[in-house]
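As they're listed, the protein sequences go chains A and B. Be aware that the first sequence starts at 1, since it is given in my numbering, and climbs by one per residue. Be aware that the second sequence starts at 1001, since it is given in my numbering, and climbs by one per residue. No residue lacks a Cβ here, since even glycine has one placed at the ideal position from N, Cα and C. See below for the structure under consideration.
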Amino acid sequence: MYVAVKGGERAIDNAHTWLAEERRGDLDVAELSIAQIREQLKLAVTRVMAEGSLYDPDLAALAIKQARGDLIEAIFLIRAYRTTLPRFGVSNPIDTADMTCDRRVSATYKDVPGGQVLGPTFDYTHRLLDFALAAEGEAPVPAPKAEPRREPTPHVTEFLNKEGLIQGEAPNDETPPDLTREPIKLPGTRPLRLQSLARGDEGFVLSMAYSTQRGYGRNHPFVGELRIGQVPVEMEIPELGFSIEIGEIEVTECETVNQFTGSKTEPPQFTRGYGLTLGMCERKAISMALVDRALRWEELGEDNVGAPAQDEEFVLMHSDNIQASGFLEHIKLPHYVDFQSELELIRKIRREVAQAQTEQTQEAAE
Amino acid sequence: MSLKQKPDNEARQAYLGLLAKAPAHVVATHWDALGLAPEFTWLRVPEIGTAMVRARAGGTGAPFNLGEMSVTRCALKLADGVVGHGYVQGRDKTHAQTAALIDALMQTEAQADVEAAVLEPIQSHLDHKAEARAAKAAATKVDFFTMVRGED
């Protein structure tokens, strides 16, 4: 138990002043601007937006600067800031089929309608350190251009669905639960799980997904499609009486095609997992799709083999890095009173043991 | 003002969306170039908040809450009583104010000027940017082909 302590104000102030100085680092090195972080550390920015659950690149860049690059600390700052803002409303569900794709690949069809578009990817790089980047001031070679694609980019699952080969995703207009407004209720629903995974820690979700690949609840995923791009966000504006686009956000979407389900009455069908994140978070989106699929075991009539990724309570209650680090890190704060009682207890037990031993020795001697 | 010029909902939807998506500095540049500074009173001073963005499971299924985005909104009234609303992405209060002023002016005889001097250049700025990205994306379009495996 944490008991409030008093005092130490001057030490705390001095520690924070030193923190600010250390944050700035060597004054002979130019200071980082928010714009530099936003433009040049973009993947850190998008991770902070995805897990901070607030799309605002400038704010995420500021949080990264303030947190000295500690992304979980930055996510914490974003979550705290978010709670100070009023919520104007809820958007209409975004239409990811309508996304302008910077990247769009399918691991299941090579001739996918709309094409395979690699985008600015790390894939197929050699993962060798590029020392040219250590030499400053060189503008990169401009990216080559080609005639922009005009054809629509339908979801891969959509044409599998036309043949009835994959389980459908019937639209509905139910209001989804919102874990930022009410505590998680278990057993949860798929919309609750998707919200939780979308803001969950990338490392945690990745490890859960990896565990399914290694055999703890295997679900044989193919990346049916992975796409990254911009999608408009539309919201109903009561004072106008109609909806308008209130902005455009970058999202990463992953749809997996997994092994079959079926029964005596239903022919076998592929099943699916879904991953969607704010920003460009490819590893996270794929991981999310695998974990989403694993958590659907009951709905799809599969056995619970006791795998961690099938355990909704385990996944949902441990995926949030702010809750986790809050509880974990509080144990470094003063627990003097708590520990004092433990000390007294152990001294008492030792006294009793020692006394018992003395009595035994006396008895033996008699 | 004349009500005859009032834009229909579809047109209003289009330009409000454009103003919301355009970067604040782009809106500011073209607005400043127009050189109008109409008098107005606030109905709602600029306010920073969020919108919860929803998506659908599997792209088409049940709605879920993906995460929030920052939004700034305001409402104002021109001296002649025309009301303008601004809802823009991000946290720039001037951006929201400009959007609301443009919305109001689009309901007055200034409509044509605002359209030509502000909305069209902003639209073409966004189109150019989108086209440039689409062109770079197109240059990374690949044709994978599967190789026949050797027999031994």
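Quick one: what's residue i bridged to in DSSP?
| i | result |
| --- | --- |
| A:Gln116 | B:Val1142 |
| A:Tyr380 | This structure does not reach residue 380 of chain A, given that chain A is present from 1 up to 366, and the question cannot be answered. |
| A:Gly273 | A:Thr256 |
| A:Leu54 | B:Glu1068 |
| A:Glu245 | A:Glu234 |
| A:Leu278 | A:Val251 |
| B:Val1088 | B:Thr1072 |
Could you tell me the boundaries of the alpha helix (DSSP H) in which residue i lies?
| i | result |
| --- | --- |
| A:Phe314 | Glu312 to His318 |
| A:Arg355 | Rather than Arg, the amino acid found at residue 355 of chain A in this sequence is Gln. A:Gln355 -> alpha helix (DSSP H) spans Tyr336 to Ala365. |
| A:Ile34 | Ile34 to Gln40 |
| A:Val205 | Glu202 to Gln213 |
| B:Gln1097 | Lys1093 to Leu1105 |
| A:Ile322 | Asn321 to Glu329 |
| A:Ser196 | Arg190 to Arg199 |
| A:Ser287 | Glu282 to Leu295 |
Note the first and the last residue of the continuous beta strand (DSSP E) segment covering residue i.
| i | result |
| --- | --- |
| A:Ala309 | Counting along the chain, A:Ala309 falls outside any beta strand (DSSP E), and DSSP gives it neither H nor E. |
| A:Phe222 | Phe222 to Ile237 |
In this structure, does DSSP put residue i in helix, strand or coil?
| i | result |
| --- | --- |
| B:Trp1042 | strand |
| A:Gly7 | coil |
| A:Asn258 | strand |
| A:Ala240 | For clarity, residue 240 of chain A is Leu in the given sequence; the question names Ala instead. Three-state DSSP puts A:Leu240 in coil, outside helix and strand. |
| A:Thr252 | strand |
| B:Glu1120 | helix |
| A:His16 | helix |
| B:Glu1115 | helix |
| B:Leu1126 | helix |
| A:Val45 | helix |
| A:Arg181 | coil |
| B:Glu1131 | helix |
| A:Glu21 | helix |
| A:Lys264 | coil |
| B:Ala1110 | coil |
| A:Ala30 | coil |
| B:Lys1004 | With a pLDDT of 49 at B:Lys1004, under the threshold of 50, the modelled position of this residue cannot be trusted; read the value that follows with caution. In this structure, B:Lys1004 counts as helix in the three-state DSSP scheme. |
The ligand FAD and residue i: does the residue's C-beta get closer than 7 Å to at least one heavy atom of that ligand?
| i | result |
| --- | --- |
| B:Gln1097 | Inclusion of the ligand FAD in the displayed structure is not the case, the ligand content being empty and no account of it being possible. |
Exercise. Check whether the segment 89-102 of chain A touches the segment 242-259 of chain A, taking contact to mean three or more Cβ pairs, one atom from each stretch, closer than 8 Å.
Key: Touching, yes.
Practice problem: Can you check the segment 146-171 of chain A for any beta strand (DSSP E) of at least 3 residues that lies completely inside it and give the ranges in chain order? | Solution: Runs of the beta strand (DSSP E) inside the segment 146-171 of chain A: none found.
Exercise. Kindly confirm or deny that the segment 1067-1087 of chain B and the segment 254-265 of chain A touch, where touching means at least three C-beta pairs closer than 8 Å.
Key: Counting C-beta pairs closer than 8 Å gives fewer than three between the segment 1067-1087 of chain B and the segment 254-265 of chain A, which falls short of the contact rule.
Quiz prompt | Complete beta strand (DSSP E) runs within the segment 59-143 of chain A (minimum length 3 residues, chain order) | solution = Complete beta strand (DSSP E) runs here, min 3: 87-90 and 100-105.
Practice problem: Jot down the residue ranges of each uninterrupted alpha helix (DSSP H) in the segment 1007-1085 of chain B, minimum 4 residues, whole runs only, in chain order. | Solution: 1009-1021 and 1024-1034, all fully within the segment 1007-1085 of chain B.
Quiz item: Can at least three beta-carbon pairs, one atom from the segment 180-189 of chain A and one from the segment 277-291 of chain A, be found at a separation below 8 Å?
Solution: Judged by Cβ distances under 8 Å, the segment 180-189 of chain A makes no contact with the segment 277-291 of chain A, as fewer than three pairs qualify.
Self-check item: Stretch-stretch touch, CB-based, cutoff 8 Å, three pairs: the segment 266-274 of chain A with the segment 146-156 of chain A
Solution: Taking a cut-off of 8 Å for Cβ pairs, the segment 266-274 of chain A and the segment 146-156 of chain A do not touch, as fewer than three such pairs fall below it.
Quiz item: Hey, is the segment 1004-1021 of chain B in contact with the segment 1101-1110 of chain B, meaning 3+ C-beta pairs nearer than 8 Å?
Solution: Cβ pair count under 8 Å is three or more, so yes.
Quiz item: Would the segment 62-79 of chain A and the segment 39-50 of chain A be scored as touching if the rule is three or more Cβ pairs under 8 Å?
Solution: Verdict: yes, contact present.
Quiz prompt | Validate contact between the segment 193-208 of chain A and the segment 312-324 of chain A using beta carbons, cut 8 Å, 3 pairs | solution = Proximity of the segment 193-208 of chain A to the segment 312-324 of chain A meets the contact definition, three or more beta-carbon pairs being nearer than 8 Å.
Self-check item: Three CB pairs or more closer than 8 Å across the segment 113-120 of chain A and the segment 1120-1132 of chain B
Solution: The segment 113-120 of chain A vs the segment 1120-1132 of chain B: no contact.
Quiz item: Is it true that the segment 1034-1051 of chain B meets the segment 1068-1080 of chain B, where meeting means three or more beta-carbon pairs spaced less than 8 Å apart?
Solution: Yes, the segment 1034-1051 of chain B is in contact with the segment 1068-1080 of chain B.
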